[in-house]
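Take a look at the structure below.
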Amino acid sequence: MALKNGDFVLVNYTLWAIEDGEERIIDTTREEVAVKHNIYDARKRYGATLVVIGKTSLLPAVEKALSEMDVGEKKVIIAEPSEAFGERDERLVLRLPKKTLLQRGIRPAVGLELEVGGRRGVITKVTERFVYVDLNHPLAGKRIKIELEVTRKIEDPAEKVKYLASKWIGIPEGEVKVELSNGEALVKLPPSVLGVSDLEARLARFISDVAELVSDVKKVTVKFTVNLEEARGALEGEKEKEEKREAGEAGGAEGSGEGSEASGGAKEAKPQGGAEEASGS
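Taking our numbering, the leading residue of the sequence shown gets 332, the next gets one more, and so forth.
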C-alpha cells in the first residue's frame, strides 16, 4: 500500500547531477557510497533519514515519488530542474562594490560564500572594482538523478519522538531515550548536547514537530543528567593537558630566542600586509 500523508518513514537516497550527458554524484545517505565516490564527509551522520510524508520539505520530484512508494521499495527517477533545485535565474547574480565588502572586513575571493539580503551566495568573479555574487542554488538549472529506498515505516509514537529529537538536535537516535506513558513523553538526552550553541532553538523546533505530528503525545519533558564525578575528571584531565602544553611552549621559547623573535616579526607583518592590500585595492 502506498505511503500517505503523516507517515513516518526512513529513506535512503543518492543524488547525481547530470551535466553534458555525464553523471556526477553530489550527495548520499549511504556511507559506503560516499567513500567509494570520494565525497565522504566525517562531519555528516550517514544512514537512512527521517521523512514525514507531506510534512518534510522535499524536492517536488522526491515528494511525488515517495507518495507512490511502499516500504522496502526502491526507485530511480530523473528530475528536471523545475522539479529539483529550480531553474537558473541570472537576475540572482548580483554585482557589489568591492570596497563595500572590504569595509565589512570581507576579503573577496572566488568560491567564498557569504550572505546577501538574507540569502546565501557564492562569489563567482572578482574585478578591480566589483564582486559578483551568485545567489542561485549551486544545482539550479541542472537535471538530477535520484535513487530512493524506503527502508522502514515508524509506527510507535515513542520512536517517532526519538527520531524527531535526533533530527532536530543533531545526535544519533541511539543517544536519545524516550519513555511514553499516558500521553506523557520523557525524553532523555545525553549531557553532550549542552554544548550545542543553538540548543534552545533546536528544542523549540523539536517540540513544535511533536505537537503537530505525534497526536498520541500530550506532554513532553526533556531531561539532561550530568555525572559530576565524570565532569570533574574530564576537567582535571583538560587542566593537566593545558599545563603540559604551556610548559612545552615556555621551554621552546627559552630554547630558541632567534626563532621566537622571527616568529614575532611574521605576526607583525601579517596585519600590515593585509592593510596594504586592502588600501591598494
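Glycine included, every Cβ here is placed at the ideal spot set by N, Cα and C.
Check the Cα spacing between asparagine 513 and each of Asp540, Asp547, Arg483: the tightest is with Asp547. Apart from the 5 residues on each side of it in sequence, aspartate 401 sits with its Cβ closer than 8 Å to the Cβ of Met332, Ala333, Leu334, Val481 in its chain, given in chain order. In this structure, proline 488 and leucine 511 form a Cβ contact; the two beta carbons are roughly 6 Å apart against a cut-off of 8 Å. DSSP links leucine 425 through a beta bridge to Val464. By alpha-carbon distance to glycine 442, the top candidate from Gly352, Leu397, Tyr463, Gly378 is Tyr463. The region 347-357 makes contact with the region 461-476, as at least three CB pairs between them are under 8 Å.
With fewer than 16 other beta carbons inside 10 angstroms of its own, valine 407 counts as exposed.
Between the alpha carbons of alanine 415 and glutamate 569 lies a gap of roughly 48 Å. For lysine 456, same chain residues with a beta-carbon under 6 Å away, outside a window of 5 residues either side, are Tyr463 in chain order. In terms of Cβ geometry, aspartate 420 and asparagine 369 do not form a close pair [threshold 9 Å].
The beta carbon of lysine 554 sits closer than 8 Å to the beta carbons of Leu517, Val518, Lys519, Leu520 from its chain, once the five residues preceding and following it are set aside; these are given in chain order. Judged by beta-carbon spacing, phenylalanine 461 lies beyond the 9 Å limit of lysine 498, meaning their Cβ atoms are not closer than that value. Three or more Cβ pairs closer than 8 Å define a contact, and the region 388-405 falls short of that threshold against the region 358-365.
Under the DSSP assignment, phenylalanine 537 falls outside any beta strand (DSSP E), being part of the alpha helix (DSSP H) whose first and last residues are 530-544. DSSP places leucine 445 in the uninterrupted beta strand (DSSP E) bounded by 444-447.
Secondary structure note for lysine 498: its alpha helix (DSSP H) is the uninterrupted segment 488-500. Less than 9 Å separates the beta-carbon of lysine 386 from that of glutamate 543. Around the C-beta of lysine 367, fewer than 16 other C-beta atoms lie within 10 Å, and the residue is accordingly described as exposed.
Excluding sequence positions up to five before and after aspartate 540, its CB lies within less than 6 Å of the CB of Leu495, all in the same chain and listed in chain order. In this chain, glutamate 504 is not harboured by any beta strand (DSSP E), its DSSP state being neither H nor E. In the DSSP annotation of this structure, glutamate 510 is not part of any alpha helix (DSSP H); the continuous beta strand (DSSP E) holding it starts and ends at 508-512.
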